[in-house]
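Contents: one structure, followed by commentary.
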Amino acid sequence: MKIIVTDKGRYKHEISFMEGDTVRDVIEDEMNEPDFGLCGGCCACSTCHVYVIKGTYSTMRNSEKDTLENLADDIEDNSRLGCCLTLTSKNDGDEFIIV
Numbered sequence: 003m004k005i006i007v008t009d010k011g012r013y014k015h016e017i018s019f020m021e022g023d024t025v026r027d028v029i030e031d032e033m034n035e036p037d038f039g040l041c042g043g044c045c046a047c048s049t050c051h052v053y054v055i056k057g058t059y060s061t062m063r064n065s066e067k068d069t070l071e072n073l074a075d076d077i078e079d080n081s082r083l084g085c086c087l088t089l090t091s092k093n094d095g096d097e098f099i100i101v
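For the sequence shown, the residue numbers in the numbering used here are 3 to 101.
Here it is in structure tokens:
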């Protein structure tokens, strides 16, 4: 299973994932994206902010919403924190842009 991630340089990467991985973990493990996911995935820093271009995910929790509103720049309707997006087989082919 794979997701497509556009990095800050606007290059697209096709990245493999396993069921249960988070978007943050997959990007951190497979890409050399500086200053990404600095809090380790505990929804505390917003450095794993992504735009969901293709894909459907559960409703945003209050903690994720608060972190985005208080710490993230360039928030859009499709903004999410990668640490809060758990991948399943249904997410094969989903697309994200690192903000």
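All C-beta atoms in this analysis are idealised placements derived from N, C-alpha and C, irrespective of residue type, glycine included. Computed from a prediction, not measured in an experiment: that's the story for all the values here.
Looking only at GLY22, LYS92, SER60 and GLY84, the smallest Cα-Cα distance to LEU70 is reached by GLY84. Around the beta-carbon of THR58, fewer than 16 other beta-carbon atoms lie within 10 Å, marking it exposed.
Listed in chain order, the beta strand (DSSP E) elements of length 3 or more contained wholly in the stretch 11 to 50 are 14 to 18.
The Cβ-Cβ distance between ILE100 and LYS4 does not fall below 8 Å. Linking THR49 to LEU89 through their CA atoms gives a straight-line distance of about 19 Å. According to the DSSP secondary-structure assignment, ILE55 is paired through a beta bridge with no residue.
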